[in-house]
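Asks:
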Amino acid sequence: MKYEPVIGLEIHVQLGTRTKMFCGCELTFGEPPNTRTCPVCLGLPGALPVVNARAIHFGLMTGMAMGSELAPRSVFHRKNYFYPDLPKGYQISQYDEPLCLGGRLGDVRIHRVHLEEDAAKLVHVGASGRIHSSSSSVVDFNRGGTPLAEIVTEPDLRSGEQAREWLTLLRTTLRQLGVSDVNMEEGSLRCDANISVRPEGTTELGTKTELKNMNSFRFLERGIRAEVARQIELLESGGEVVQETLHYDPRSERITSMRSKEEAHDYRYFPEPDLVPVRIEQAMLDEARGAMPELPADRAARLEREHGLSEASAKQLAFRAELGDFFEAALGSDGDVPAQPLAHWVTGELVARIGDSDPGDSRVEPVALAALVGMVERKEVNQGGARQALDCLVADGGEPRAIVEAQGLGAIGGEDELSGVIDAALAANADAAAKIQGGNEKPMGAILGYVMRETKGRADGGEVTRLVREKLGV
Amino acid sequence: MTATDAVAFTAAQAVDALARGDLSAGELFAAYRERAAGEELNAFTWVAEEAPAVQDGPLKGVPVAVKDLFCTRGVPSQSGSRILEGYRPPYTATVVENLERAGTTLLGKTNQDEFAMGSSNENSAFGPVLNPWDRGRVPGGSSGGSAAAVAAGLTPWAIATDTGGSIRQPAALCGIVGMKPTYGAVSRYGMIAFASSLDQAGPLTRDVTDAALLLGHMVSRDPRDSTSIGLPEAIRLPDARRLDGIRLGVPEELSGEAEGIEPGVMEAFEATLRVAQELGASLETMRLPHAEHGLSAYYVLAPAEASSNLARYDGVRYGLRSDGSDLVSLYTQTRHDGFGPEVKRRIMLGTYALSSGYYDAYYGRAQKVRTKIAQDFHEAFERFDFVVTPTAPTVAFGLGTKVHDPLAMYLNDYCTVPMSLAGTPAISIPNGLSEGLPTGFQIAGPAFSENAILDAAHALEGAIGFDGSRAFSRGGMPSTPPERGAPGPLGL
Amino acid sequence: MIDREQVLHVARLARLELTDEEVARMAGELSDVLGHIERIDQLDLEGVAPTTHVVDVPNALRADEPAPSLPREVVLERAPAVEADGFSVPSPQA
């Protein structure tokens, strides 16, 4: 039987406000422990929370970016449980009246977006002098109370790879919005996955597990792949998937159960009596709307519409905004360069050379790439020569025409230049020439190879083929 | 002026005497400090050594006693609990700051039921408070220390909190004035929480004028408390002498012996109703159909909120920590050792009411009953200016007589809980004696009607002519020259 | 109405250690109180909205402006156990 994975994501994003969700302490960027705390975020007796207006603003922008329904009235609840990183014994979160409901980002439907406060940081310090306990942990409340947006998707994803790709889109979207720096390695973007499998062609959902602790895009993909494989193997060997929380260890690539002997969680949610419901007023909506930048999905659509790009190219450029920016800068610098080939050069050759880094930080000027692509289009340089020129641009910067001329990379394209070489090639490969004349084009490669050798790769392959046919009267 | 003369002034009178120069702030503080430090009612948990530097303000130089649960920077703020024994907060409650800004001096912190849970002050980790009218009896609770201290003249006045009657009931049992303002009138920031949606601070004073004066300086809209709104108009000093045209509603559900109200208490209540009529008020029996369910709703909602509010006492950041071999036993042992029996009971009750499978039956229903009770009051106040009831169903009861019977203890709040649930203001004023002990007359009005309530209370107070000085003059001080360690005489 | 097992379950949720005697007493007392509370079952509350806040309060939002934090020595001076500039606890996994 073939199985289909069904995956939903729960993403926690630290919002980039100046201060915490419910108090005026500034957010921490690696300050010494317990230096960004106050009675509120320490849970001192008598202290009360007050909602940060900008967290609501960022929440609304996030909801707008996904086309969510923005609740006119939104309520905070207490989620009660004991843990040393939770100073009040409850987390202020949202329950049945979240800020945003529904929506869609890319191919994935959004279930909800709500706001809550982050837990503090618990650091294991190993053995301590205490008699009874072999090891201790230390709580640093600097992070405690940082605003979080929790984004929950519908189970619309079907593979680890797709999950990774979609999370990239989410990251770009949030970064564009300016609501978070969305850095997975630093913990400002955290992702859990709900994973189940079902026989292909069926619609009923299988038992799901919740996979936690995937702290990079790579681990997200690998972790999901590993869990899907585990579930399929389990089912195929006649076993059953148990609903549980799992931990993915990226080093060993092992998945372990986080179930403890303690009783199942009973969070005893109830409306937070220290806060009043947030009423979303028209002015707040107007402000959020006014702050919205162009989002990746909109940008992709615009790139398709305005420049005739393929859907794939448009998405590649829009979902990595820095590529889109480079592309648009290059396009703007040179009115004649055709868009689709330029897009290919940005997402293909350039990315192959600079990887995940921002092309804006590279030595390649947008205008230089546009010029190079223009030369390719005018057959002044062939693909191979252009690739060599791009190597030079990436390494040292500069102007492509100068590089092509200095290194003799220019295309030999004209009949005058090629005619003699082709004649020699045909003479040297008489058999091949005869076959081509007889209608079998396969040996064309041998002719081309000869010409390329002779011209050090500068000949235009298309032009060579055309001239060969012409000379042989095919 | 002698110290005895100085403490005979009400706070408002002391303000005048200080302004005239008949009295100095130092003299006044010293006179009260001596009484508070030497008292035998166990009303104080901490007394200031000396008067702190006073800010210039309309109440400049008047001492104030503050219920233990208000956070006062550097001063013990323990909410009557062992789990916070010796806890000195790094910040001060907004309402205490407001009073400091008005010029008052912090005289001391007063005893209370642990986390304000109780109606007798017997649940304090620091021992019970004795009623100055009869030291064999309770002062009421949870603000028993504040009420006893005011009644015994150990302080000119005190601030306290009321969640289901914790200001009004001890005021009644100690023969003084106590007011719970509209929910939201006074900031809760820095008040160690019991039940957040019900807790509200208010004054305990010798008379209605002082209640108005103190409340006026407590009220504020505090940006640190999202539920605080202040009051739409400033509190005025009341001057009414008559009740002409005032319509009083007497709810069947909250008056009458059938509802467990003692005959003596009913007699005193009815006597005051006649006084009200003589002052020009009209009187009508009416109904608050859901009021009798107030206690049920209250004993779901308040414990539920409390169970969550008290989760922060875990032995990690402050307060008591009992040794545990692992994290869970550190939590459970700390909380076992730190909380008293009533607090444990309410934590259990509240946790149960919120737990999976029971939320709708208990918490959800109780919230709906709360809606109905609030509606009852809303409708009542379309026909009546005030709803009046006895404040507490009984006079002060003997120490130890109810402490092992939670239900009997909870019934003390029967007449005060409905207003707490409705969030509406109410005052208790002394209402004459029954069996030689004070009773209270409760006047409840619509939200934000504090000035009208204070006026009506002022008019009644003048006509009732209650003399509280009996407890005051004999109250907290040893009746004979003080002998160290000698127990105070019972039942003076 | 509430038995020993339920008392123990609730005590675990509330992180309260109870002695055997306390468990027994708690079961009786809570049952009494719950018996009283359950009188509200008689009421018809169909369609009644629950009340969380009795007073209608307008939005109470805070501008995203920093306020001073407490000095660390003040933060830690009340802590029962301090280690490495933080609050020390037995490791949750231990």
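Protein chains in written order, with our numbering: chain A, 40 to 513; chain B, 304 to 795; chain C, 1104 to 1197. Quick reminder that beta carbons are idealized off the backbone N, C-alpha and C, glycines included.
Note down, in chain order, all residues in the segment 78 to 100 of chain A with a beta-carbon under 8 Å from any beta-carbon belonging to chain C.
Replies: Residues of the segment 78 to 100 of chain A with a C-beta less than 8 Å from any C-beta of chain C: P78, L81, V89, V90, N91, A92, R93, A94 and I95, listed in chain order.
Asks: Please specify which runs of the beta strand (DSSP E), each continuous and at least 3 residues long, are wholly inside the segment 539 to 568 of chain B, giving them in chain order.
Replies: 550 to 554
Asks: Taking 7 Å as the CB-CB cut-off, is C:M1129 touching chain B?
Replies: Mapped onto the third sequence, residue 1129 of chain C falls at position 26. So, interface residue.
Asks: I need the DSSP call for B:M494, collapsed to helix, strand or coil.
Replies: Position 191 of the second sequence, counted from the start, is the residue given in the question as residue 494 of chain B. Reduced to three states, the DSSP call for B:M494 is strand.
Asks: Just tell me which of B:V646, B:H593 and B:E587 has its CA closest to the CA of B:S445.
Replies: For the purposes of this step, residue 445 of chain B is taken as the residue at position 142 of the second sequence. B:S445 has its Cα closest to that of B:V646, out of B:V646, B:H593 and B:E587.
Asks: Is DSSP giving B:P592 helix, strand or coil here?
Replies: Numbered from 1 along the second sequence, position 289 holds the residue referred to as residue 592 of chain B. In this structure, B:P592 counts as coil in the three-state DSSP scheme.
Asks: Is the number of C-beta pairs between the segment 591 to 601 of chain B and the segment 1136 to 1149 of chain C that are closer than 8 Å three or more?
Replies: Contact between the segment 591 to 601 of chain B and the segment 1136 to 1149 of chain C is present: three or more C-beta pairs spanning the two stretches fall below 8 Å.
Asks: My output table needs one value for A:H346: the three-state DSSP class, helix, strand or coil.
Replies: Along the first sequence, one-based indexing puts residue 346 of chain A at 307. Looking at A:H346 - three-state DSSP - the assignment turns out to be helix.
Asks: In whole angstroms, give me the CA-to-CA distance for A:R143 and A:W205.
Replies: Position 104 of the first sequence holds residue 143 of chain A. Position 166 of the first sequence holds residue 205 of chain A. Between A:R143 and A:W205, the C-alpha separation is close to 11 Å.
Asks: Closest Cβ-Cβ distance between A:S172 and chain C: below 7 Å?
Replies: Start at 1 with the first residue of the first sequence, and residue 172 of chain A comes out as number 133. The predicted position of A:S172 is uncertain, since its pLDDT is 47 and thus under 50; a value taken from the coordinates is nonetheless stated next. It does; some Cβ of chain C falls within 7 Å.
Asks: Can you tell me whether B:H639 is helix, strand or coil according to DSSP?
Replies: Stepping through the second sequence from its first residue, residue 639 of chain B is reached at position 336. Helix at B:H639.
Asks: Can A:T494 and A:I451 be called in contact, C-beta distance under 7 Å?
Replies: As a first step, residue 494 of chain A is located in the first sequence; it is residue number 455 there, counting from the start. As a first step, residue 451 of chain A is located in the first sequence; it is residue number 412 there, counting from the start. Closer than 7 Å, so yes.
Asks: Taking Cβ positions only, does C:L1164 come closer than 7 Å to chain A?
Replies: Taking the first residue of the third sequence as 1, we reach residue 1164 of chain C at position 61. Judged by the 7 Å Cβ criterion, C:L1164 is in contact with chain A.
Asks: Since C:P1169 meets chain A, which of its residues come closer than 7 Å, beta carbon to beta carbon?
Replies: If you number the third sequence from 1, residue 1169 of chain C lands on position 66. Under the 7 Å cutoff, chain A gives R57, T58, G63 and E65.
Asks: How is the alpha helix (DSSP H) around A:R151 delimited, first residue to last?
Replies: For the purposes of this step, residue 151 of chain A is identified with residue 112 of the first sequence, where counting begins at 1. No alpha helix (DSSP H) holds A:R151; the beta strand (DSSP E) holding it covers V147 to E156.
Asks: Please report the straight-line C-alpha distance between A:V164 and A:V177, rounded to a whole angstrom.
Replies: On the first sequence, residue 164 of chain A is found 125 positions in, with the first residue counted as 1. On the first sequence, residue 177 of chain A is found 138 positions in, with the first residue counted as 1. Distance between the alpha carbons of A:V164 and A:V177: 7 Å.
Asks: Given this structure, state the Cα-to-Cα distance separating A:F258 from A:E70, to the nearest angstrom.
Replies: Locating residue 258 of chain A in the first sequence gives position 219, where the first residue counts as 1. Locating residue 70 of chain A in the first sequence gives position 31, where the first residue counts as 1. One C-alpha to the other measures close to 28 Å.
Asks: Where in the segment 121 to 145 of chain A do unbroken runs of the alpha helix (DSSP H), each at least 4 residues long, occur, reported from the N-terminal end onward?
Replies: You should have found no qualifying run.
Asks: Return the CA-CA distance between A:S291 and A:T101, expressed in angstroms with no decimal places.
Replies: By one-based count along the first sequence, residue 291 of chain A stands at place 252. By one-based count along the first sequence, residue 101 of chain A stands at place 62. Rounded to whole angstroms, A:S291 to A:T101 spans 35 Å at the Cα level.
Asks: Near A:F366, which residues of its chain fall below 7 Å by C-beta distance, leaving aside the five closest residues on each side in sequence?
Replies: Residue mapping note: residue 366 of chain A aligns to position 327 of the first sequence, counting from 1. Excluding sequence neighbours, A:F366 sits near L356, L381, A382 and V385.
Asks: In chain order, what residues of the same chain lie with their CB nearer than 6 Å to the CB of B:R336, ignoring the 5 residues before and after it?
Replies: Here residue 336 of chain B corresponds to residue number 33 of the second sequence, with the count starting at 1. Nothing listed; no residue qualifies.
Asks: Count the other C-beta atoms from every protein chain shown that fall within 10 angstroms of the C-beta of C:V1136, then say buried if there are 16 or more, exposed otherwise.
Replies: Locating residue 1136 of chain C in the third sequence gives position 33, where the first residue counts as 1. With 16 or more other Cβ atoms within 10 Å, it is buried.
Asks: Using a cut-off of 9 Å between C-beta atoms, extract the partners of B:Y394 located in chain E.
Replies: Considering every chain present, this structure includes no chain E. Its protein chains are A, B and C.
Asks: Would you list, in chain order, the members of the segment 589 to 605 of chain B that have their beta-carbon closer than 8 Å to a beta-carbon of chain C?
Replies: H593, H596, L598, S599, A600, Y602 and V603
Asks: Could you compute how far the alpha carbon of A:F358 sits from the alpha carbon of A:P335?
Replies: Within the first sequence, residue 358 of chain A is the residue found at index 319, counting from 1. Within the first sequence, residue 335 of chain A is the residue found at index 296, counting from 1. C-alpha separation (whole angstroms): 5 Å.
Asks: Could you tell me the distance, in whole angstroms, from the CA atom of B:G443 to the CA atom of B:E753?
Replies: Here residue 443 of chain B corresponds to residue number 140 of the second sequence, with the count starting at 1. Here residue 753 of chain B corresponds to residue number 450 of the second sequence, with the count starting at 1. For the pair B:G443 and B:E753, the Cα-to-Cα distance works out to about 24 Å.
Asks: Are any of the Cβ atoms in chain B nearer than 7 Å to that of C:A1117?
Replies: Residue numbering aside, residue 1117 of chain C sits at position 14 when the third sequence is read from its first letter. C:A1117 counts as touching chain B.
Asks: Given a threshold of 16 other Cβ atoms within 10 Å of its Cβ, counted over all protein chains shown, does A:V281 qualify as buried or as exposed?
Replies: Here residue 281 of chain A refers to the residue found at position 242 when the first sequence is read from its first residue. With fewer than 16 Cβ atoms within 10 Å of its Cβ, A:V281 is classed as exposed.
Asks: Check A:S235 in the structure and name its three-state DSSP category.
Replies: Here residue 235 of chain A is taken as the residue at index 196 of the first sequence, counted from 1. Annotated three-state conformation of A:S235 is strand, per DSSP.
Asks: Mind checking who A:V191 pairs with in its DSSP beta bridge?
Replies: Within the first sequence, residue 191 of chain A is the residue found at index 152, counting from 1. A:V191 is bridged to A:E49 and A:R151.
Asks: Among B:S723, B:R624, B:L326 and B:Y713, which residue has its Cα nearest to the Cα of B:R673?
Replies: Against the second sequence, residue 673 of chain B aligns to sequence position 370. Answer by Cα proximity: B:S723.
Asks: DSSP puts B:Q503 in a beta bridge; with which residues?
Replies: What you label residue 503 of chain B is simply residue 200 of the second sequence in a count that begins at 1. Paired residues: B:D465.
Asks: Tell me the residue span of the alpha helix (DSSP H) that contains A:W205.
Replies: Position 166 of the first sequence, counted from the start, is the residue given in the question as residue 205 of chain A. It spans G199 to L216 - the alpha helix (DSSP H) in which A:W205 sits, taken as one unbroken run.
Asks: Is B:L476 helix, strand or coil when you go by DSSP?
Replies: Here the question's residue 476 of chain B lines up with position 173 in the second sequence. Three-state DSSP puts B:L476 in a helix.
Asks: Thinking C-beta only, is A:R151 closer than 7 Å to A:L161?
Replies: The residue labelled residue 161 of chain A in the question sits at position 122 within the first sequence. The residue labelled residue 151 of chain A in the question sits at position 112 within the first sequence. Contact flag unset, no.
Asks: Less than 7 Å between the C-beta atoms of B:G411 and B:G360, yes or no?
Replies: Within the second sequence, the letter at position 108 stands for residue 411 of chain B. Within the second sequence, the letter at position 57 stands for residue 360 of chain B. Contact: no.
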